[in-house]
Amino acid sequence: MNTHMEVKDQLSIGEVAQRSGLSVHSLRFYEREGLLLSVRIARDSGGRRRYSEADVEWLLMCTRLRTSGMPIADMRRYAELVRLGPGNEHERLAILKEHQQHVRDQMEQLRECLDIINYKTDVYEKKLQRQDPWEDPFQPCAHSVSKNASR
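In the numbering used here, the protein residues as written are 40 to 190.
Now the structure itself:
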């Protein structure tokens, strides 16, 4: 636990926010939601939060999990398991494997989206290089809109 850290090894909430890219509000949220390794973050004599390097490293991993779409409940369960220590590695692995597949699925969907965007940018670049009239199949031209409107 962080209560025995040397003062020189402790970081303020502002320092952790700067290093992690999280806001002070987000850091408090992560703590409140039970997403940190320490159940209670160490405090100085004035009651201000004091973090360790291990806390910062854990937060960086948590932000990657969250950015990649891991639900808070899964992050909380994973943190609980890590805090419990050895003996639950199978459950930790299952959580990470499930999320790994979710990220792979997301990446495939994004690749498909990028393929469409690449196709469309190629079409527009070729059209602009030729400088000839061209109708976008996804953009109705004025005469087809007026024809359809009269039907």
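Even glycine gets a Cβ: it sits at the ideal position worked out from N, Cα and C. Since we're looking at a predicted model, the values are computed, not measured.
Taking all protein chains shown into account, Met146 has fewer than 16 neighbouring C-beta atoms within 10 Å of its C-beta and is therefore exposed.
Below 8 Å, enough C-beta pairs join the region 80-100 and the region 48-56 to call them touching: three or more. DSSP, read as helix, strand or coil, puts Arg103 in helix.
In this structure, Asp48 and Ser91 form a Cβ contact; the two beta carbons are roughly 6 Å apart against a cut-off of 8 Å. Take the alpha-carbon of Leu61 and the one of Ala112: they are about 19 Å apart. At the C-beta level, Arg103 and Met114 stay beyond 8 Å of one another. Beyond the five residues adjoining it in sequence on each side, Asn127 comes within less than 6 Å, by CB distance, of Leu120 in the same chain, given in chain order.
Per DSSP, Ser65 is one residue of the alpha helix (DSSP H) stretching across Val63 to Arg71.
Within the same chain, and ignoring the five residues on either side of Ser59 in sequence, the residues whose Cβ sits closer than 7 Å to its Cβ are Val95, Leu98, Leu99 and Thr102. For Val142, same chain residues with a beta-carbon under 6 Å away, outside a window of 5 residues either side, are Ser107 in chain order.
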